[in-house]
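Working notes, structure below.
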C-alpha cells in the first residue's frame, strides 16, 4: 500500500512540477521573445504534437496514413465551433459580470474542454475511418486515408456555419505557451511510455511482421485501431491549439500538403523514433523561417529550393532518418539507465 | 484417454486444389508427434489450419472439446496453441528480450491509464514479464544476447529464439515447423535434447514437422506421413521406417 501511494505521489509531483514550469514559462517567455519568434515556438509545439502522434500510426504500427491533416481539421473546427458559439460568448458575459480570477480560470477550463472535445471528435472519426480501412495494407491504406482527408476538407469547405471557403474568423485567441506545451508533453510522454509497455511493443511487432504478431496472440486489428485513435486524438488537439492561436481557420490549411508535412517529420526523424519526430518537427518548422533572411539578400525566394534540397541530401545520406529506430537514451549513454530495457 | 486435441476429417481446398484431405489426429497430453512427408504434401497447411491462418473447408479442430475452426489466430494462441515458422519470422529489428516478451504479451493486462501513469500495477507486471522472459532465455543460453537485435543473432540462435517466443505464450500445445532446417548435425542434436527438455519442463504436447529423419525418428513417439494431402501412414518410428507406402512416397517406384 505504501508503495502504491508513493508511486502515485511521484506521478502527481511530476505533473505539478511540469505545470509549474509551464506556468512560469507562460508568464516569462512571451515577454522575452519577440512575437515572431514566439509564433515559431508555438508552431514548433503544434508540429511536434502532429509529428509524434503520426509517428505512432506510421512509425510504430507501420500503417501508412496520409490523412493526418483531416484529423487535425476535425479537431480544429470542432473546438473552434464550441469556443466561438458557446464558450466564447459565455466568457464575454463573465468578463462583464465577474472579471478577474474567476473569469481567467473558467476561460482556461473551457479552453481545455474545447481542445479535448476537438481531440475526442477527431479520435471518433479516426475510429470510424480506421475500422474498414485497416483491412487494407501499405499503399492502399495510404490512398484511402488521403481520400478521407480530402473528404473532410471538402465537407468543411461547404459548411456555412464554420465559414465555408471564406474561413472561420473570430475564434477566441486562447492558445498560449502553457496549453501548447502541456499537450506537447502529454503527447511525448505517452509516446515514450507506450514504447516501454507491452502495448507499444505490440505495435512494433505488427510493424515488423503481422503474421508472426498474430501467431503470438496479438489482436492486430484492435491494435491498429488503437494506434489510429491515439494518433487522431493528438492530431485533433494540435489542430485545436493551432486554430485558437491564429484565431482564424481556413480549409486550405488542411490540404494533403499538411498531411505530407507530418509524414516528412516522421520519415526525417526516423520511422518509429519519438525523439526523431521531435527533432524533425523543430527542424522543419525552423528551417524555412531561418532561410527567410536569405530571401531578402538575394531578392528571389530560394527557400523552396534550398529546403527540399536539404531534405533530399539528408534522405540520401541517412535513408533511415535522423535517428533511425533509436531514441535519445540509445544515443546518449548517460541517459541509458532510464530505459527499462 | 486424456486427449487434448481432436482433429476430425480436416480438409482444405484452395479452389480446385485439395491441399489436405480428411486429416485425422488425436493428440494426447504430453505426446510428441511428428508429421512428415515430401515437399508440398500439406504439412504446413495443417499447421496453418490449426493456428487459424486458414479456415478449414471441412472438418473440426477441437481443443478440450472447444471448436477452434472459427477463431482468429490470436484467439487460438490464447487458447494454448503456439507455433514456430518454417522460414524464421522473428521481429528482426527488436531486441532478443523484446521478442520473447512479446510472446508473453497475452498474459499482460494493465490498461492504458496504468501505462500512462506508470502505476505500480504496470511496474509489477512489466518486472514479472521481464523476469520470466530472462528465465526462458537462460534455457537456451541466450541471456547474454538479450539486448542484441534479433537479426544479429546467428541462424541457429534465431531458430531457438523463435521457439522461446512461442514458449513465452505458455502454450499447452507447441507446433514446430521444421525446427532443424538449416542446422548442422551438432546443432540438431542439441535441439533434440532441448525439445525433450522443454517438453518435460513445461509439460508440453508437441507436434512437429521435420525433414531431418534422425531428429524425427530419434524423438517422436508417433509419426504421421502425409503425401499429396492424404495421410498414408501412421505409427511408431520403427513401423514408419519399414512401411512400403512411405518408402514409395519418398523414393518413388
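Chains as they are written, first to last, in the numbering used here: chain A, 21 to 361; chain B, 16 to 268. Glycine included, C-beta positions come from ideal geometry on N, C-alpha and C. The model shown is predicted, which means the values in this text are computed figures rather than measured ones.
Helix, strand or coil at residue 188/A [DSSP, three-state]
Residue 188/A sits at position 168 when you count from the first residue of the first chain. It is a strand residue.
Assign residue 98/B to one of three DSSP states: helix, strand, or coil.
Position 83 of the second chain, counted from the first residue, corresponds to residue 98/B. Of the three classes helix, strand and coil, the one that applies to residue 98/B here is strand, per DSSP.
Residue 229/A: contacting residues in chain B (beta-carbon distance under 7 Å):
For this step, residue 229/A is matched to residue 209 along the first chain. Those within 7 Å of residue 229/A in chain B are 104 and 106.
Do the region 33-40 of chain A and the region 142-160 of chain B make contact, defined as three or more Cβ pairs closer than 8 Å?
Judged by Cβ distances under 8 Å, the region 33-40 of chain A makes no contact with the region 142-160 of chain B, as fewer than three pairs qualify.
For residue 49/B, count the other beta carbons within 10 Å of its own beta carbon; 16 or more makes it buried, fewer makes it exposed. Which is it?
Numbered from its first residue, the second chain carries residue 49/B at position 34. That one is buried.
Residues within the region 127-153 of chain B neighbouring chain A, beta-carbon criterion of under 9 Å:
Look at the region 127-153 of chain B: the residues with a C-beta under 9 Å from a C-beta of chain A are 127, 129, 130, 131, 132, 133, 134, 135, 136, 137, 138, 140, 141, 142, 144 and 145.
Could you list which residues in chain C have their beta carbon closer than 7 Å to that of residue 291/A, in chain order?
Among the protein chains of the structure shown, namely A and B, there is no chain C.
Give the secondary structure of residue 21/A by DSSP, where H, G and I count as helix, E and B as strand, and everything else as coil.
Residue numbering aside, residue 21/A sits at position 1 when the first chain is read from its first letter. Only weak support exists for where residue 21/A lies, its pLDDT of 42 falling under 50; the value from the coordinates is given anyway. Judged by DSSP in its simplified three-state form, residue 21/A adopts coil rather than helix or strand.
Start and end of the beta strand (DSSP E) containing residue 28/B?
Counting from 1 along the second chain, the entry for residue 28/B is found at position 13. Here the beta strand (DSSP E) through residue 28/B covers 18-29.
Within 10 angstroms of its Cβ, does residue 173/B collect 16 or more other Cβ (buried), or is it exposed?
Working through the second chain from its first residue, we reach residue 173/B at position 158. Here residue 173/B is buried, its C-beta having at least 16 other C-beta atoms within 10 Å.
Throw me the rounded Cβ distance for the residue 79/B and residue 19/B pair, which I believe falls under 8 Å.
Stepping through the second chain from its first residue, residue 79/B is reached at position 64. Stepping through the second chain from its first residue, residue 19/B is reached at position 4. Contact between residue 79/B and residue 19/B holds: their C-beta atoms lie close to 7 Å from each other, under 8 Å.
So residue 59/B contacts chain A; which residues on that side make the cut at Cβ distance below 7 Å?
For the purposes of this step, residue 59/B is taken as residue 44 along the second chain, with counting starting at 1. Going along chain A, no residue has its Cβ under 7 Å from residue 59/B, so there is no contact; the nearest lies around 12 Å.
Would you grab the beta carbon distance between residue 96/A and residue 251/A for me? Rounded to a whole angstrom, and I think it's under 8 Å.
For the purposes of this step, residue 96/A is taken as residue 76 along the first chain, with counting starting at 1. For the purposes of this step, residue 251/A is taken as residue 231 along the first chain, with counting starting at 1. Contact between residue 96/A and residue 251/A is absent: CB atoms are separated by about 16 Å, not below the 8 Å threshold.
If we ignore side chains and look at the alpha-carbon of each, how far apart do residue 89/B and residue 182/B end up?
Counted from its first residue, the second chain places residue 89/B at position 74. Counted from its first residue, the second chain places residue 182/B at position 167. Distance between the alpha carbons of residue 89/B and residue 182/B is about 15 Å.
From which residue to which residue does the beta strand (DSSP E) around residue 139/B run?
Within the second chain, residue 139/B is the residue found at index 124, counting from 1. Boundaries around residue 139/B are those of the alpha helix (DSSP H), 135-154, since no beta strand (DSSP E) includes it.
Can you name, in chain order, every residue of its own chain whose Cβ lies under 7 Å from the Cβ of residue 300/A, other than the five neighbours on each side?
Residue mapping note: residue 300/A aligns to position 280 of the first chain, counting from 1. If you ignore the 5 residues before and after residue 300/A, its C-beta comes within less than 7 Å of the C-beta of 71, 285, 288, 289 and 342, all in its own chain and listed in chain order.
Grouping DSSP H, G and I as helix and E and B as strand, with all else coil, what is residue 83/B?
For the purposes of this step, residue 83/B is taken as the residue at position 68 of the second chain. Assignment of residue 83/B by DSSP, reduced to helix, strand and coil, places it in the coil class.
Beta carbon of residue 297/A, beta carbon of residue 92/A: below 8 Å?
Indexing the first chain from 1 puts residue 297/A at position 277. Indexing the first chain from 1 puts residue 92/A at position 72. 8 Å or more divides the Cβ of residue 297/A from the Cβ of residue 92/A.
Does chain B have any CB closer than 8 Å to the CB of residue 388/A?
Outside the modelled stretch of chain A, which goes from 21 to 361, sits residue 388/A, for which no answer is possible.
Is there a C-beta anywhere in chain B that falls below 8 Å from the one on residue 78/A?
For the purposes of this step, residue 78/A is identified with residue 58 of the first chain, where counting begins at 1. Chain B contact via Cβ: absent.
Contacts around residue 254/A, its chain only, beta-carbon distance under 6 Å, and the 5 residues preceding and following it disregarded:
The sequence position of residue 254/A within the first chain is 234, counting from 1. Excluding positions up to five away in sequence, the list reads 69, 73 and 207.
Ends of the alpha helix (DSSP H) at residue 206/B?
As a working mapping, residue 206/B is identified with position 191 in the second chain. That run of the alpha helix (DSSP H) goes 200-216.
Going along the chain, which residues of its own chain have a beta-carbon closer than 6 Å to the beta-carbon of residue 223/B, five neighbours each way excluded?
Here residue 223/B is taken as the residue at index 208 of the second chain, counted from 1. If we look at residue 223/B and ignore the five residues flanking it on each side, its Cβ neighbours are 49 and 191.
Could you compute how far the alpha carbon of residue 244/A sits from the alpha carbon of residue 232/A?
Residue 244/A sits at position 224 when you count from the first residue of the first chain. Residue 232/A sits at position 212 when you count from the first residue of the first chain. Between the alpha carbons of residue 244/A and residue 232/A lies a gap of roughly 15 Å.
Buried or exposed for residue 88/A, please, with buried defined as at least 16 other CB atoms from any protein chain shown within 10 angstroms of its CB.
Here residue 88/A corresponds to residue number 68 of the first chain, with the count starting at 1. Here residue 88/A is buried: its Cβ has 16 or more other Cβ atoms, across all protein chains shown, within 10 Å.
So which of 92/B, 97/B and 67/B has the shortest CA-CA distance to residue 84/B?
Reading the second chain from its first residue, position 69 is the one you call residue 84/B. Ranking 92/B, 97/B and 67/B by Cα distance to residue 84/B puts 67/B first.
For residue 222/A, which option in 50/A, 189/A, 45/A and 82/A has the closest C-alpha, if you only look at C-alpha atoms?
On the first chain, position 202 is the one that residue 222/A refers to. The option with the nearest alpha carbon to residue 222/A is 82/A.
Just to confirm the assignment, what range does the beta strand (DSSP E) spanning residue 49/B have?
Indexing the second chain from 1 puts residue 49/B at position 34. Run containing residue 49/B: 47-51, per the beta strand (DSSP E) assignment.
Flag this pair as touching only if the region 206-217 of chain B and the region 269-279 of chain A have three or more C-beta atom pairs under 8 Å; answer yes or no.
Because the criterion of three Cβ pairs below 8 Å is not met, the region 206-217 of chain B and the region 269-279 of chain A do not touch.
9 Å Cβ cut-off: residues of chain A touching residue 76/B:
As a first step, residue 76/B must be located in the second chain, where it is residue number 61. Listed along chain A, no residue sits closer than 9 Å to residue 76/B by beta-carbon distance, the nearest being about 16 Å off.
Hey, could you find the ends of the beta strand (DSSP E) residue 75/B is sitting in?
Looking up residue 75/B in the second chain gives position 60. First-last of the beta strand (DSSP E) with residue 75/B: 73-78.
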